[in-house]
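A.B. asks: Letter by letter, the sequence shown follows residues 61 to 156 in my numbering.
Quick reminder that beta carbons are idealized off the backbone N, C-alpha and C, glycines included.
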Amino acid sequence: IQEFFITAAGKRNVLQLRADIFNVGNLINSDWGVSNRVVQASPLVSAGTTAGGVPQYRINSVGAGAAARPISTTFIPNNNIGDVWTGQVGVRYIFN
């Protein structure tokens with residue numbers, strides 16, 4: 061906060077200027093301060109058992125039908141306002 065003192069009509073008033081930056085890490089480097097979400101909560105699904113009773117599993121797919129493909133990444137970046145840097149500037153005039 062930066063304050064400037066102004067005398068008006070014989071009274072001392074204050075002008076305050078303020079600047080805030082949120083998620084400074086992301087301002088410095090776009091890979092910092094970014095949250096991720098899980099692509100698939102269950103990466104493995106049961107594929108039954110063998111004749112000998114041994115359980116079998118397969119990697120879960122992302123997508124459906126012909127577009128289905130195995131999971132290739134565990135996390136993907138979120139696209140929320142909290143994942144990018146933001147700034148705000150404030151001005152306040154205080155009368156006495």
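1. Touch check for the stretch 131-140 and the stretch 92-103: three-plus C-beta pairs under 8 Å?
2. Considering only DSSP beta bridges, list what V105 is partnered with.
3. Does the structure place the stretch 79-92 close enough to the stretch 120-133 that three or more beta carbon pairs sit under 8 Å?
4. Among I131, G70, S90 and G113, which has the Cα closest to the Cα of V105?
5. Among the residues of its own chain, which have a CB less than 6 Å from the CB of G147, if the five just before and after it don't count?
C.D. replies: In this structure, then:
1. When Cβ pairs closer than 8 Å are counted between the two stretches, the stretch 131-140 is seen to touch the stretch 92-103, the count reaching three or more.
2. R118
3. no
4. Closest option to V105, Cα to Cα, is I131.
5. Sequence-distant Cβ neighbours of G147 in its own chain, meaning closer than 6 Å and more than five residues away, are I81.
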